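Chains as they are written, first to last, in the numbering used here: chain E, 680 to 986; chain A, 680 to 986; chain X, 680 to 986.
Here a beta-carbon is modelled for each residue, glycine too, at the ideal position from N, C-alpha and C.
Please read these numbers as outputs of a predicted model, since none were measured by experiment.
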Amino acid sequence: MNLSHLVSLADLSAGQITELLDCAEALRPQALSGSSQRAALQGKSVCTLFFEPSTRTRSSFQLAAMRLGADVLGFDASHSSGSKGETAVDTMRNLEAMGVDAFVVRTSVDGQLGDLIGAAQTSTRFINAGDGRSNHPTQGLLDMLTIRQHKGHDFSRLKIAMVGDIRHSRVARSDLHALKALGCGEIRVCGPKALMPEDATLDGCRSVDDFDAAIEGVDVVMMLRLQRERMQEGLVTSLEHYHCQYGLDTRRLALAKPDAMVMHPGPMNRGVEITDAVADGPQSVIMAQVSNGVAVRMAVLKTIFGA
Amino acid sequence: MNLSHLVSLADLSAGQITELLDCAEALRPQALSGSSQRAALQGKSVCTLFFEPSTRTRSSFQLAAMRLGADVLGFDASHSSGSKGETAVDTMRNLEAMGVDAFVVRTSVDGQLGDLIGAAQTSTRFINAGDGRSNHPTQGLLDMLTIRQHKGHDFSRLKIAMVGDIRHSRVARSDLHALKALGCGEIRVCGPKALMPEDATLDGCRSVDDFDAAIEGVDVVMMLRLQRERMQEGLVTSLEHYHCQYGLDTRRLALAKPDAMVMHPGPMNRGVEITDAVADGPQSVIMAQVSNGVAVRMAVLKTIFGA
Amino acid sequence: MNLSHLVSLADLSAGQITELLDCAEALRPQALSGSSQRAALQGKSVCTLFFEPSTRTRSSFQLAAMRLGADVLGFDASHSSGSKGETAVDTMRNLEAMGVDAFVVRTSVDGQLGDLIGAAQTSTRFINAGDGRSNHPTQGLLDMLTIRQHKGHDFSRLKIAMVGDIRHSRVARSDLHALKALGCGEIRVCGPKALMPEDATLDGCRSVDDFDAAIEGVDVVMMLRLQRERMQEGLVTSLEHYHCQYGLDTRRLALAKPDAMVMHPGPMNRGVEITDAVADGPQSVIMAQVSNGVAVRMAVLKTIFGA
Numbered sequence: 680m681n682l683s684h685l686v687s688l689a690d691l692s693a694g695q696i697t698e699l700l701d702c703a704e705a706l707r708p709q710a711l712s713g714s715s716q717r718a719a720l721q722g723k724s725v726c727t728l729f730f731e732p733s734t735r736t737r738s739s740f741q742l743a744a745m746r747l748g749a750d751v752l753g754f755d756a757s758h759s760s761g762s763k764g765e766t767a768v769d770t771m772r773n774l775e776a777m778g779v780d781a782f783v784v785r786t787s788v789d790g791q792l793g794d795l796i797g798a799a800q801t802s803t804r805f806i807n808a809g810d811g812r813s814n815h816p817t818q819g820l821l822d823m824l825t826i827r828q829h830k831g832h833d834f835s836r837l838k839i840a841m842v843g844d845i846r847h848s849r850v851a852r853s854d855l856h857a858l859k860a861l862g863c864g865e866i867r868v869c870g871p872k873a874l875m876p877e878d879a880t881l882d883g884c885r886s887v888d889d890f891d892a893a894i895e896g897v898d899v900v901m902m903l904r905l906q907r908e909r910m911q912e913g914l915v916t917s918l919e920h921y922h923c924q925y926g927l928d929t930r931r932l933a934l935a936k937p938d939a940m941v942m943h944p945g946p947m948n949r950g951v952e953i954t955d956a957v958a959d960g961p962q963s964v965i966m967a968q969v970s971n972g973v974a975v976r977m978a979v980l981k982t983i984f985g986a
Numbered sequence: 680m681n682l683s684h685l686v687s688l689a690d691l692s693a694g695q696i697t698e699l700l701d702c703a704e705a706l707r708p709q710a711l712s713g714s715s716q717r718a719a720l721q722g723k724s725v726c727t728l729f730f731e732p733s734t735r736t737r738s739s740f741q742l743a744a745m746r747l748g749a750d751v752l753g754f755d756a757s758h759s760s761g762s763k764g765e766t767a768v769d770t771m772r773n774l775e776a777m778g779v780d781a782f783v784v785r786t787s788v789d790g791q792l793g794d795l796i797g798a799a800q801t802s803t804r805f806i807n808a809g810d811g812r813s814n815h816p817t818q819g820l821l822d823m824l825t826i827r828q829h830k831g832h833d834f835s836r837l838k839i840a841m842v843g844d845i846r847h848s849r850v851a852r853s854d855l856h857a858l859k860a861l862g863c864g865e866i867r868v869c870g871p872k873a874l875m876p877e878d879a880t881l882d883g884c885r886s887v888d889d890f891d892a893a894i895e896g897v898d899v900v901m902m903l904r905l906q907r908e909r910m911q912e913g914l915v916t917s918l919e920h921y922h923c924q925y926g927l928d929t930r931r932l933a934l935a936k937p938d939a940m941v942m943h944p945g946p947m948n949r950g951v952e953i954t955d956a957v958a959d960g961p962q963s964v965i966m967a968q969v970s971n972g973v974a975v976r977m978a979v980l981k982t983i984f985g986a
Numbered sequence: 680m681n682l683s684h685l686v687s688l689a690d691l692s693a694g695q696i697t698e699l700l701d702c703a704e705a706l707r708p709q710a711l712s713g714s715s716q717r718a719a720l721q722g723k724s725v726c727t728l729f730f731e732p733s734t735r736t737r738s739s740f741q742l743a744a745m746r747l748g749a750d751v752l753g754f755d756a757s758h759s760s761g762s763k764g765e766t767a768v769d770t771m772r773n774l775e776a777m778g779v780d781a782f783v784v785r786t787s788v789d790g791q792l793g794d795l796i797g798a799a800q801t802s803t804r805f806i807n808a809g810d811g812r813s814n815h816p817t818q819g820l821l822d823m824l825t826i827r828q829h830k831g832h833d834f835s836r837l838k839i840a841m842v843g844d845i846r847h848s849r850v851a852r853s854d855l856h857a858l859k860a861l862g863c864g865e866i867r868v869c870g871p872k873a874l875m876p877e878d879a880t881l882d883g884c885r886s887v888d889d890f891d892a893a894i895e896g897v898d899v900v901m902m903l904r905l906q907r908e909r910m911q912e913g914l915v916t917s918l919e920h921y922h923c924q925y926g927l928d929t930r931r932l933a934l935a936k937p938d939a940m941v942m943h944p945g946p947m948n949r950g951v952e953i954t955d956a957v958a959d960g961p962q963s964v965i966m967a968q969v970s971n972g973v974a975v976r977m978a979v980l981k982t983i984f985g986a
């Protein structure tokens, strides 16, 4: 596959998504032990350029790059030259001039990644590690890989419920891109009105106000993280109330198919959007998601370098 | 030796402690140049998971792991997901799911390490890099190694004085575990009443109120760091007063044996618990302690991996 | 060349500077891909010991050391043991005792580097990565390398204008050391009176108050960063006024030679000391400076280790 950057899953065809998932699947045995792929990116320099902090995602990319033999440079731009008045583009171009071959970028600004790519040399590679509310493509891919491992490759037979703060979630948007591309049978979305997007994000989805109705008979429940700032913004009145209406507990989970799988992108607010019994229960695949994240990131790195 | 985790020296027999010290002694030539052991942990991922900051201890573990060829992931949990409401167990389990094989954990919470071990897979290894006031086992081991190098293997012939804030010191507790296990001849403890522990920590030790009396004729003087927060807590009235009563200077050191060795776990408060002349003098082994720390940490890493 | 430390370019002869530049020039192809020099510093431990933050300079040194195969330990002393009351010398000596072979030191305190070197073992190497207002020798070297690449090796034929806050700039001082050593034909300095040094820094330079006059007919324009704290200190009245008098725009650049090159050590304050059109224009070599920085730092590392 010819792929220079990974910005949004909306840019990829179903075939390209599947090819990346197949590559990740093949890398899984190496992903967590990491010994036999050390030559793949030897001599390449990969920089995690994070304009907002995220130690988990950064660690996953860092391990993926190390296990492919790359040199990894961590550049925490949230505490850095920004404060010296340097632009994000200048920071990137400086690191590029030092011989960084690929950037893994996390930013809170929608569109900033496009600015960086536009200002870079054509040989420099970019991977989106989360931008604004728009995209988190490696999360979308790892979610699809996890679903495929448990439910098989035919997404048309699946009913999926996505629950929570879809409006502010880049994870939700990337999952929706991928689910639609892969032809998911039915996508139900559920959450407080104030946390539902007003744009075309939900095209092709079925909005279901009541969580009990939304979850009924689904194969997959995708829970989203409730950012605590939604409280300060007045979009959610109380955590208790939110939990009552949109929290996943064992009673609700029993309404889904008996073998329904429970997903969450982490970090979890236990007792808010999900209870301990569900998060740690037999239907949870949350840790499998995390493990698949390393394999997916290795697959993306290999692909963008053509390695 | 079969050792999955290193939590407390109280869990180890004298034979096991000696075996770890012998291993560290054998590794010393490689510990500081680090070229011939690169294959030992190749492909293993070691994560320094620090819930409270400590750049020195983390650097020592990082160098030890690098010199054994491991991939090292630094995870500063004091500035991280904790602020996003994630539990310590969830942070650890996420990193474990990314393929981290061993955690080096520093925490201010007594017992937190046990919670992490209980929640982890059985194949995941843990090394305590300091927990609460309870244990700092690699510090205890490096102190024993340093004593052995200078005074020989027969601890029963040694008189040791430990001076300062024993109550709040995990270093003191680990040293006491090891000294008792190795059959130290006499352990004298000395410090302000408010900084003495009230539990069984001092069983088998001799409390001596006056520093001049405590140091008389000893082979080893182990000075402890005075945390400045003890002032705010009202446990110490002034640094000057503390220095007069419990500071080690050349006059007091002359009361010990002529070849007595002076130890300090660092970082030192020069002019408070120890004077420059003593810290940098011919009887000080403080830098040897630091060097031995790398060898001890390499030995522990090799042992828990059976490498 | 026999060089144990790199503290100041004032310590080097013209021949030594040229030898370092020749070494860097030869390393340029490897500097940015970094695959063929991995054996050079294998088994060596290089610590970036930064008492003030600078992610750019640290990243450049880190990549240089990694591409030579060294183990790199980042020690951010601005957030570290300093707060625990430990002296800089003790921090360094601890890391040295852990087997660090070379320190790359950044400090805001003039003379602190000398204290560290004086307290270290004679085999330990030191590279100045910027100290106080005095020296930033690798920046000086990379600037000379960049000039040489564009204007040839005969500095006596060159007219250079250095513009801005020379008083507080370690970059300016290191550039002046090197330009004088290499026999630069004419050095013009220009900037607000309050930002001009009163010591011997400008010996042998020509002070020109008016920027238009200073830039006329020069081969090289070296712009300096205006630290925003100069405003708070009252040394500069407004950024607009500064830009009018000392900002480099296309009109002013047209007064220099047609092939004059524009340099800036970064990070840039766009719109203050330099306009976008100039910074990103065809005469700018600012990104070449950054790339040369990696080659120069590799050359210095190889030289101090005799590798």
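Under DSSP, A840/E takes part in a beta bridge, and its partners are R867/E, V900/E. Taking the C-beta atoms as reference points, V686/E is found nearer than 8 Å to N807/E. Around the C-beta of H943/A, 16 or more other C-beta atoms lie within 10 Å, and the residue is accordingly described as buried. For M777/A, the nearest beta carbon of chain E is closer than 8 Å to its own beta carbon.
Any Cβ of chain A closer than 8 Å to the Cβ of V957/E would place that residue at the interface, and such an atom is absent. Secondary structure note for L980/E: its alpha helix (DSSP H) is the uninterrupted segment 965-983. Remark: C-beta atoms of A798/E and V768/E approach each other more closely than 8 Å. In the structure shown, H684/A falls within a strand segment according to DSSP collapsed to helix, strand and coil. For the 8 Å CB-CB criterion, A693/A and L824/A do not form a contact.
In this structure, the beta-carbon distance from T766/X to A756/X does not fall below 8 Å. Three or more beta-carbon pairs separated by less than 8 Å are not found between the region 966-981 of chain E and the region 841-854 of chain E, which leaves the two stretches without contact.
Residue environment: M680/A is assigned as exposed (fewer than 16 neighbouring CB atoms within 10 Å of its CB, all protein chains considered). The beta carbon of D750/A sits closer than 8 Å to some beta carbon of chain E.
Contact check for L903/A against D844/A passes: the beta carbons are separated by less than 8 Å.
Take G819/X, set aside five residues on each side of it, and the residues of its chain with a beta-carbon closer than 7 Å to its own are L688, S853, D854, H856, A857, in chain order. Separation of Q962/E and K981/A (C-alpha to C-alpha, rounded to the nearest whole angstrom) is 37 Å. Apart from the 5 residues on each side of it in sequence, G809/E sits with its Cβ closer than 6 Å to the Cβ of R785, H815, R849 in its chain, given in chain order.
Taking the beta carbon of L914/A as reference, no residue of chain X falls within 7 Å; the closest one sits roughly 17 Å away. Among the residues facing chain X, L861/A is not included, as its CB has no counterpart in that chain under 8 Å away. Within chain A, R949 have C-beta atoms less than 8 Å from the C-beta of T766/X, given in sequence order.
Think of a sphere of 7 Å around the beta carbon of S802/E: no beta carbon from chain X falls inside it, the nearest being about 11 Å out. Less than 8 Å separates the beta-carbon of S787/X from that of F730/X.
With respect to chain A, the C-beta atom of R907/E has a partner C-beta closer than 8 Å. If only complete runs of 4 or more residues are kept, the region 715-759 of chain E shows the alpha helix (DSSP H) at 734-746, in order along the chain.
Where F782/X is concerned, the enclosing beta strand (DSSP E) starts and stops at 781-786.
Assignment of A808/X by DSSP, reduced to helix, strand and coil, places it in the strand class. Contact between A710/E and V973/E is confirmed by a C-beta separation of about 5 Å, below the 8 Å threshold.
Here K859/X has G883 as same chain residues with Cβ atoms under 7 Å from its own Cβ, once five neighbours each way along the sequence are excluded. Looking at the DSSP output, L927/E shares a beta bridge with I953/E.
In the structure shown, the three-state DSSP call for S886/E is strand. Remark: three or more beta-carbon pairs, one from each stretch, lie closer than 8 Å, so the region 833-842 of chain A and the region 885-901 of chain A are flagged as touching.
Close to L932/E, with beta-carbon spacing below 9 Å, lies no residue of chain A; the smallest spacing is near 19 Å. Contacts with chain E (Cβ-Cβ distance below 9 Å) from the region 719-734 of chain A involve Q721, G722, K723, S724, C726, listed in chain order. In this structure, the alpha-carbon of Y921/X lies about 11 Å from that of L874/X.
Pairing Y925/E with E908/E gives a Cβ-Cβ distance that is not under 8 Å. In this structure, the CA atom of T916/E is about 6 Å from the CA atom of M910/E.
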